[in-house]
Amino acid sequence: QYQLTTAVNPPAGGSISPDCSAGCLYDSGTAVVLTAAENAGYFFDNWTNCDSASNNICTEIMDADDTLTAGFQVCYGPVRIAGPSPVYYADLQAAYDAVSDGGTIQAREEVFGADLDVNRPVSVTIEGGYDCNYSSVTGSTTFNGTMSIINGSVTIGDFIFGN
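For the sequence shown, the positions run 145 to 307 when our numbering is used.
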């Protein structure tokens, strides 16, 4: 038999099932399937020392004592300007004020209550509903503020307006 030990980094980031943080014994050749699940405010990032990983699933063939670590990261900011080096913002207005003509603002699947004043001679796309690490659209962003469009244009997707 071999011992499998699991760890989570950072500890608040999530959990692994089965939990082998205190060590689990498996027969030689056993294929152990582990699943990492993120806690609120984090996203799964990677496995360390996993024989075969597919996203948050790790399959470990027990051929020696092993220690596996599931790595998590804190969610990125709620709004960003998309691009090769995204810039993150706390709200839609700050991102709009900084975006270039033709740029794209992306927002996580959250609720925004602050107003948005669109008053620059630029065309901007605002996309909502992104997951915590902006890897995919998982729903819609809710906008409960008032949007005033005085100058420029905005194309909006995956947003819900109003309460």
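Where a beta carbon is used, it is the ideal one built from N, C-alpha and C, also for glycine.
Exercise for review: Keeping to the same chain, check which residues put their C-beta closer than 6 Å to that of residue 192; ignore five residues upstream and five downstream.
Suggested key: Numbered from its first residue, the sequence shown carries residue 192 at position 48. So the qualifying residues of the chain are 213.
Review point. So residue 205 and residue 179 are in contact, right, with Cβ under 8 Å, and what is the actual spacing, rounded?
Key: One-based indexing of the sequence shown puts residue 205 at position 61. One-based indexing of the sequence shown puts residue 179 at position 35. Rounded, the Cβ-Cβ distance is 17 Å, inconsistent with contact.
Review point. What's the C-alpha gap between residue 166 and residue 275?
Key: To locate residue 166, count along the sequence shown from 1; it is residue 22. To locate residue 275, count along the sequence shown from 1; it is residue 131. Rounded to the nearest angstrom, the two C-alpha atoms are 32 Å apart.
Check your understanding: Excluding the five sequence neighbours on either side, which residues of its own chain have a C-beta within less than 6 Å of the C-beta of residue 263, listed in chain order?
Key -> Walking along the sequence shown from the start, residue 263 turns up at place 119. Shown here for residue 263: same chain residues with a beta carbon closer than 6 Å to its own, the five before and five after excluded, namely 294 and 295 in chain order.
Review point. Does the count of Cβ pairs from the region 248–264 and the region 221–234 closer than 8 Å reach three?
Key: The region 221–234 and the region 248–264 touch, with three or more beta-carbon pairs separated by less than 8 Å.
Check your understanding: Going by other Cβ atoms of all chains shown within 10 Å of its Cβ, with 16 needed for buried, is residue 148 buried or exposed?
Key -> By one-based count along the sequence shown, residue 148 stands at place 4. Per the 10 Å Cβ criterion, buried.
Check your understanding: What does DSSP give as the partner residues of residue 278 in its beta bridges?
Key -> As a first step, residue 278 is located in the sequence shown; it is residue number 134 there, counting from the start. Note: residue 278 sits in no beta bridge, so no partner.
Exercise for review: Could you spell out where the alpha helix (DSSP H) holding residue 241 opens and where it closes?
Suggested key: Position 97 of the sequence shown, counted from the first residue, corresponds to residue 241. Counted as a single uninterrupted DSSP element, the alpha helix (DSSP H) harbouring residue 241 occupies residues 236–242.
Point to revise | Of the residues 237, 164, 285 and 172, the one placed nearest residue 292, counting alpha carbons only | key: Here residue 292 is taken as the residue at index 148 of the sequence shown, counted from 1. Nearest to residue 292 by alpha-carbon distance, out of 237, 164, 285 and 172, is 237.
Point to revise | Straight-line gap, residue 141 to residue 303 (C-alpha atoms, nearest Å) | key: In the structure as shown, the chain begins at 145 and stops at 307. Residue 141 is therefore absent and cannot be evaluated.
Review point. With 16 other CB atoms within 10 Å as the buried threshold, where does residue 239 fall?
Key: Position 95 of the sequence shown, counted from the first residue, corresponds to residue 239. A residue is called buried when at least 16 other Cβ atoms come within 10 angstroms of its Cβ; residue 239 meets this threshold and is buried.
Point to revise | For residue 214, the three-state DSSP class (helix, strand or coil) | key: By 1-based counting over the sequence shown, the position of residue 214 is 70. DSSP places residue 214 in the strand class (E or B) of the three-state scheme.
Review point. Apart from the five residues on each side of it in sequence, which residues of its chain come closer than 7 Å, Cβ to Cβ, to residue 174?
Key: Sequence index remark: in the sequence shown, residue 174 carries index 30 (1-based). Closer than 7 Å at Cβ, skipping near neighbours: 206.
Check your understanding: residue 243 and residue 268 look like a contact to me (Cβ under 8 Å); what is the Cβ gap, rounded to whole Å?
Key -> The residue labelled residue 243 in the question sits at position 99 within the sequence shown. The residue labelled residue 268 in the question sits at position 124 within the sequence shown. Indeed they touch by this definition, with Cβ atoms about 5 Å apart.
Review point. Between which two residues does the beta strand (DSSP E) containing residue 291 stretch?
Key: As a working note, residue 291 is residue 147 in the sequence shown. 291–301 is the span of the beta strand (DSSP E), which, as asked, contains residue 291.
Practice item. On the DSSP bridge assignment, give the partners of residue 168 in chain order. Key: In the sequence shown, counting from the first residue as 1, residue 168 sits at position 24. Residue 168 is bridged to 148.
Check your understanding: Grouping DSSP H, G and I as helix and E and B as strand, with all else coil, what is residue 208?
Key -> To locate residue 208, count along the sequence shown from 1; it is residue 64. Of the three classes helix, strand and coil, the one that applies to residue 208 here is coil, per DSSP.
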